[in-house]
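Notes follow once the structure below has been shown.
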Amino acid sequence: MDTYDIRKVIQYYYTKIQETNHPYYWYCLAETQSRAGLTSEAMQTIDNALSFPNPYPSRQELQDMQLNLQTVLTREMNSNRTVIVTSKQGDIDGDGIKDNVFLTANKTPDSPFWRDITLVIQNGRTHQYQQVPMKNNAGYNPTIFLGDFTGNKGDDILVVIDTGGSGGSIYAYVFAYLNGQLMTIFNSDTFNETYKYDVNYENHYKAKVNSTYLKERYILDLTYKDKDYLAEIYNKDGVLKAPIEGWVNPLSGLYPVDYNRDGIYELEAYQRIAGRYNADSLGFVQTVLKWNGLAFAPDRQNVAIFGGEI
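Read in order, the letters of the sequence shown are residues -8 to 301 in the numbering used here.
What follows is the structure, given as structure tokens:
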């Protein structure tokens, strides 16, 4: 199978995953990526496949496959150099002297996928280096933003990495010097575990989103959807033919915004709402997070929906 055919097969499985999110297609995608030499991508896909309660073909077979790929990946890592992916300058520790901030990583051959992404800070006064490992340290398009999120007059560090998953999710971290120590004050794993939702279709062309952590409810108007879409799930009286549950995806965007124009940034978090399948987008949950001296707390939350033709 040539490169063009492999790309077509991979795209096919991505499409099926978006439509069904079935464990079988995650396995097929991992196997195709492995045959194509996309070892890191295959490892990431197997991680997704193992997240199902009953993965296909079995948990043991997937773990064996992962072990074999890890051996290949180790050989690849030994043959690659660590490079600087991106860099910024800012006063990280608040001593008035600019520090150098880098993201270093190993690049997968013939792929935009980065492995072993590490935050590195060079102190501007002492010129010493500090390496800061991250739990989720592989993905695409790693970026740095420097800005004051805590009001300590120093530059805090926002790191965002695209996972490459079908839901467009990201890994995100915020680091800040507090009491003389560099601390992780935000990470996407904790956010995803905290902000949970229930999504249910209702009669009369509506969907209900319950934000369980904030105890808020949002009602989405589905009448902008095309007639065929609505006819599949509602009868002519607008009553559901069968119960339908959607879901809210993990964090897919995290943006620094200075809402109060006071030089201190808030975080605006985006999570995509999915309907019957992943590509069936119903809108986005938008949560504004503000530093309260101890943690990023929710300042407000709303839902943005898509418009329809007039």
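Glycine included, each C-beta is placed from N, C-alpha and C at the ideal position. In this text the structure is predicted, and so the values were computed from the model without any measurement.
Item                                                                                                                                                                         : Value
Would a C-beta distance cut-off of 7 Å place K187 and T203 closer than the cut-off?                                                                                          : yes
Does the Cβ-Cβ distance between T134 and V151 come in under 7 Å?                                                                                                             : yes
With a cut-off of 8 Å, do at least 3 Cβ pairs link the stretch 114 to 127 to the stretch 241 to 248?                                                                         : no
What is the rounded straight-line gap between the Cα of I332 and the Cα of Y47?                                                                                              : Outside the displayed range of the chain (-8 to 301) lies residue 332, so it cannot be described from this structure.
Please report how far the alpha carbon of V200 lies from the alpha carbon of A286, in whole angstroms.                                                                       : 26 Å
Exposed or buried, which one is M(-8) when buried takes at least 16 other CB atoms within 10 Å?                                                                              : Confidence is the limiting factor: at M(-8) the pLDDT is only 47, short of 50, which leaves the residue's position unreliable and the question unanswerable from this model.
Mind pulling the beta strand (DSSP E) runs of 3 or more residues that sit fully within the stretch 0 to 87?                                                                  : 73 to 81
Leaving aside the five residues before and after W282 along the sequence, list all residues of the same chain whose C-beta is less than 6 Å from its C-beta, in chain order. : F140 and T141
On the premise that G237 lies in contact with R267, defined as a C-beta separation below 8 Å, what is that separation, rounded to the nearest angstrom?                      : 7 Å
Short of 6 Å in beta carbon distance, which residues of its chain neighbour F182, apart from the five on each side in sequence? Order them along the chain.                  : L242
Which class does F302 belong to by DSSP, given the choice of helix, strand or coil?                                                                                          : Because residue 302 is not part of the residues shown, which for the chain are -8 to 301, the question remains open.
Taking DSSP's pairing of strands, which residues face V190 in a bridge?                                                                                                      : V200 and G237
Excluding five sequence neighbours on each side, which residues of the same chain lie with their C-beta closer than 7 Å to the C-beta of C19?                                : Y4
May I have the straight-line CA-CA distance separating D253 from K144, to the nearest angstrom?                                                                              : 11 Å
Pull the bridge partners of Q119 from the DSSP assignment, please.                                                                                                           : Answer is none; Q119 lacks a bridge partner.
Run through DSSP, which three-state label would D(-7) get?                                                                                                                   : With a pLDDT of only 48 at D(-7), under the threshold of 50, the placement of this residue in the model should not be trusted; the figure read from the coordinates follows. If DSSP states are grouped into helix, strand and coil, D(-7) belongs with coil.
Please look up how many angstroms separate the CB atoms of I1 and Q24, rounded, as I've assumed it's under 8 Å.                                                              : 7 Å
Quick check: the stretch 100 to 114 against the stretch 70 to 84, are at least 3 beta-carbon pairs closer than 8 Å?                                                          : yes
In the DSSP output, which residue or residues are listed as bridge partners for T95?                                                                                         : I75 and T109
Beta carbon of I296, beta carbon of L211: below 7 Å?                                                                                                                         : yes
Going straight from the alpha carbon of G171 to that of D86, what length do you get?                                                                                         : 11 Å
Have a look at R26 and P44 and give me their C-alpha separation to the nearest angstrom.                                                                                     : 26 Å
So, is T117 buried or exposed, given that buried needs 16 or more other C-beta atoms within 10 angstroms?                                                                    : exposed
Measuring only the C-alpha atoms, how far is V291 from V279?                                                                                                                 : At residue 291 the sequence reads Arg, which differs from the Val that was named. For R291 and V279, the distance between alpha carbons rounds to 5 Å.
Which value, in whole angstroms, describes the spacing of the CA atoms of I161 and F93?                                                                                      : 19 Å
Does DSSP put R267 in a helix, a strand or coil?                                                                                                                             : coil
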